[in-house]
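Trainee: Numbering (my numbering), first residue to last: 399 to 668. Don't be surprised by glycine CBs; every beta carbon is placed ideally from N, CA and C.
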Ligand code: ATP
Ligand code: MG
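#1: Using 10 angstroms around the beta-carbon of residue 498, count the other beta-carbons present and answer buried if the total reaches 16, otherwise exposed.
#2: Please give me, in chain order, every unbroken run of the alpha helix (DSSP H) with length at least 4 that falls completely inside the segment 433–493.
#3: Within its chain, find whatever has a CB closer than 7 angstroms to the CB of residue 552; leave out the 5 residues flanking it on each side and keep chain order.
#4: What separation, rounded to the nearest whole angstrom, lies between the Cα atoms of residue 449 and residue 537?
#5: With which residues is residue 580 paired in a DSSP beta bridge?
#6: Would you tell me roughly how many angstroms separate the C-alpha atoms of residue 599 and residue 581, rounded to the nearest one?
#7: Could you tell me whether the Cβ atoms of residue 561 and residue 526 are closer together than 8 angstroms?
#8: Considering only C-alpha positions, which residue in the set 550, 442, 420, 628 is nearest to residue 514?
#9: Cβ atoms of residue 547 and residue 586: under 8 angstroms apart, would you say?
#10: Comparing the CB of residue 451 with every heavy atom of the ligand ATP, is any distance shorter than 7 angstroms?
#11: Starting from the Cα of residue 477, find the closest Cα among 470, 485, 496 and give me that residue.
#12: Apart from the five residues just before and just after residue 609, which ones in its own chain have a Cβ nearer than 6 angstroms to its Cβ?
#13: Do three or more CB pairs link the segment 607–625 to the segment 455–462 at distances below 8 angstroms?
#14: Where does residue 420 sit, in a helix, a strand or coil, going by DSSP?
#15: What is the DSSP secondary structure of residue 654, reduced to helix, strand or coil?
#16: Ends of the beta strand (DSSP E) at residue 558?
#17: Going by DSSP, name the residue or residues bridged to residue 499.
#18: What do you get for residue 424, buried or exposed, if any count of 16 or more other CB atoms within 10 angstroms of its CB means buried?
#19: In whole angstroms, what is the alpha-carbon distance linking residue 506 and residue 516?
#20: Looking at the strands, I want to know which residues DSSP matches up with residue 546.
#21: I want to know whether the segment 408–418 touches the segment 564–573 - three or more CB-CB distances under 8 angstroms.
#22: Rounded C-beta distance between residue 481 and residue 518? I'm assuming under 8 angstroms.
#23: Using the three-state DSSP reduction, which class does residue 564 fall into: helix, strand or coil?
#24: In this structure, does DSSP put residue 508 in helix, strand or coil?
#25: Confirm the yes/no value for this check: CB of residue 666, any heavy atom of the ligand ATP, distance under 7 angstroms.
#26: Give the C-beta separation of residue 427 and residue 532 to the nearest angstrom, bearing in mind that I take them to be a contact with Cβ-Cβ under 8 angstroms.
#27: Just reading off the alpha helix (DSSP H) that residue 606 is part of, what are its end residues?
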C-alpha cells in the first residue's frame, strides 16, 4: 500500500497518522478487521473528548500505575490494536512494573498471534504469555475462545491492565475476583463501567504517560501506592468524563453558527 502523506497543518493529522498505523497493523496481520471498526469507535469518542488527555485521565493514570506497582502479580493483556498502536510503550510499562504481557485475541488466528508476538519481541519483549504453545486455564464465566487465559499470567494475576477490552470479558474478569484497569475512550462502555479504574483517554497518549509515571512512582512505598489507588473513585471519574463530553458538545453547538458564517455555508444556492 502507498503511504498517505498527511499535510503538517492538517487539523486531524495525529488522528490520521494513528489511523494509518492501525491500517498497517491490519495489513501485517496484527489487527483484526473488526479491530479497524473498534478503532473508529474510539476515534469518535476522542473527538467528543477534545483529542487531549484531561486532568481526570491523568488522575486515573496515577491510580492505575499505583495499583500495578503495588500488585503481587500484575499482568498486561495485549490485543492487535494495542500492539499496533503502542508496541514500545507497552513493553516498557511491562518491564517497569514487572507485569508480563499476555496475548488475548477475540478473533483468534494463529497468524495474528505470531505477528503480535513477533512485533512485541522486535521492540524488546523477552517473554509473551497466552500463546498457543503455553498451558491454558479457563475463565468459567465466558463462552467464547477468550475463556482461555495463561495460568501463569491472567490466571494468577491480582491486577490486570486490559486496554481496549470488550465488556463481556471485563465482566468475567471481575467475576473471578480480579482488579481490572482499562483504557477506553468511551466512558459509557460496559468495560469502562465494570472496571475498577478506567483511563478515559486515547491509548496513544495514555501509555507514554503511564511509562513516565511508573518510572517516577516506582520509588514510593507499597503502602503509599495502595493509598493512592484506594483514594480513586471510578464512578465519579466516569460521571465527570461524560460531563466533559457534554460541555464539549455544548461549546460545539454554540460555535457551529460562527463557523458557518465564516465559510458562508448555504450562500451559494441559486
Ligand atoms: P463494551 O463491549 O465494553 O460495551 P463496545 O462493544 O462498545 O464496548 P468494543 O469494540 O468491545 O466496544 O471495545 C473497544 C473499545 O475500545 C471501545 O469502547 C472504543 O471506544 C475503545 N477504543 C478504541 N480505540 C481506542 C483507543 N485508541 N484508545 C482508547 N480506547 C479506544
Ligand atoms: Mg464490546
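Mentor: The relevant details are as follows:
#1: Translated into positions along the chain shown, residue 498 becomes position 100. So residue 498 counts as buried.
#2: 453–468, 478–483
#3: As a working note, residue 552 is residue 154 in the chain shown. So the qualifying residues of the chain are 473, 475, 500, 558.
#4: Start at 1 with the first residue of the chain shown, and residue 449 comes out as number 51. Start at 1 with the first residue of the chain shown, and residue 537 comes out as number 139. Rounded to the nearest angstrom, the two C-alpha atoms are 35 angstroms apart.
#5: Within the chain shown, the letter at position 182 stands for residue 580. In the DSSP output, where bridge partners are listed per residue, residue 580 has 596.
#6: One-based indexing of the chain shown puts residue 599 at position 201. One-based indexing of the chain shown puts residue 581 at position 183. Cα-Cα distance, rounded: 7 angstroms.
#7: For the purposes of this step, residue 561 is taken as residue 163 along the chain shown, with counting starting at 1. For the purposes of this step, residue 526 is taken as residue 128 along the chain shown, with counting starting at 1. No; because the gap between Cβ atoms is not below 8 angstroms, this pair is not in contact.
#8: Counting from one through the chain shown, the residue named residue 514 turns up at place 116. Nearest option by C-alpha distance: 420.
#9: To locate residue 586, count along the chain shown from 1; it is residue 188. To locate residue 547, count along the chain shown from 1; it is residue 149. Their beta carbons are not under 8 angstroms apart, which means residue 586 does not touch residue 547 by this criterion.
#10: To locate residue 451, count along the chain shown from 1; it is residue 53. Answer for residue 451: no, Cβ out of range of the ligand ATP.
#11: Along the chain shown, one-based indexing puts residue 477 at 79. Out of 470, 485, 496, 485 has the C-alpha closest to the C-alpha of residue 477.
#12: As a position in the chain shown, residue 609 is number 211, starting the count at 1. Closer than 6 angstroms at Cβ, skipping near neighbours: 487, 490, 491.
#13: yes
#14: Sequence index remark: in the chain shown, residue 420 carries index 22 (1-based). If DSSP states are grouped into helix, strand and coil, residue 420 belongs with the helices.
#15: Looking up residue 654 in the chain shown gives position 256. Residue 654: helix per DSSP, three-state reduction.
#16: Numbered from 1 along the chain shown, position 160 holds the residue referred to as residue 558. From DSSP, the beta strand (DSSP E) with residue 558 extends over 557–559.
#17: Along the chain shown, one-based indexing puts residue 499 at 101. For residue 499, which the question treats as bridged, DSSP gives the partners 474, 526.
#18: Position 26 of the chain shown, counted from the start, is the residue given in the question as residue 424. That one is buried.
#19: As a working note, residue 506 is residue 108 in the chain shown. As a working note, residue 516 is residue 118 in the chain shown. Their backbone Cα atoms lie some 16 angstroms apart in a straight line.
#20: Here the question's residue 546 lines up with position 148 in the chain shown. Bridge partners of residue 546: 536.
#21: no
#22: Numbered from 1 along the chain shown, position 83 holds the residue referred to as residue 481. Numbered from 1 along the chain shown, position 120 holds the residue referred to as residue 518. So it is a contact: roughly 6 angstroms between Cβ atoms.
#23: The count along the chain shown starts at 1 and reaches residue 564 at position 166. Residue 564: coil per DSSP, three-state reduction.
#24: As a first step, residue 508 is located in the chain shown; it is residue number 110 there, counting from the start. Helix, per DSSP.
#25: Working through the chain shown from its first residue, we reach residue 666 at position 268. Because no heavy atom of the ligand ATP lies under 7 angstroms away, the Cβ of residue 666 does not count as near it: no.
#26: Taking the chain shown and counting its residues from 1, the one referred to as residue 427 is at position 29. Taking the chain shown and counting its residues from 1, the one referred to as residue 532 is at position 134. Not confirmed; about 20 angstroms, so no contact.
#27: Your numbering for residue 606 matches position 208 in the chain shown. Element bounds for residue 606: 601–615.
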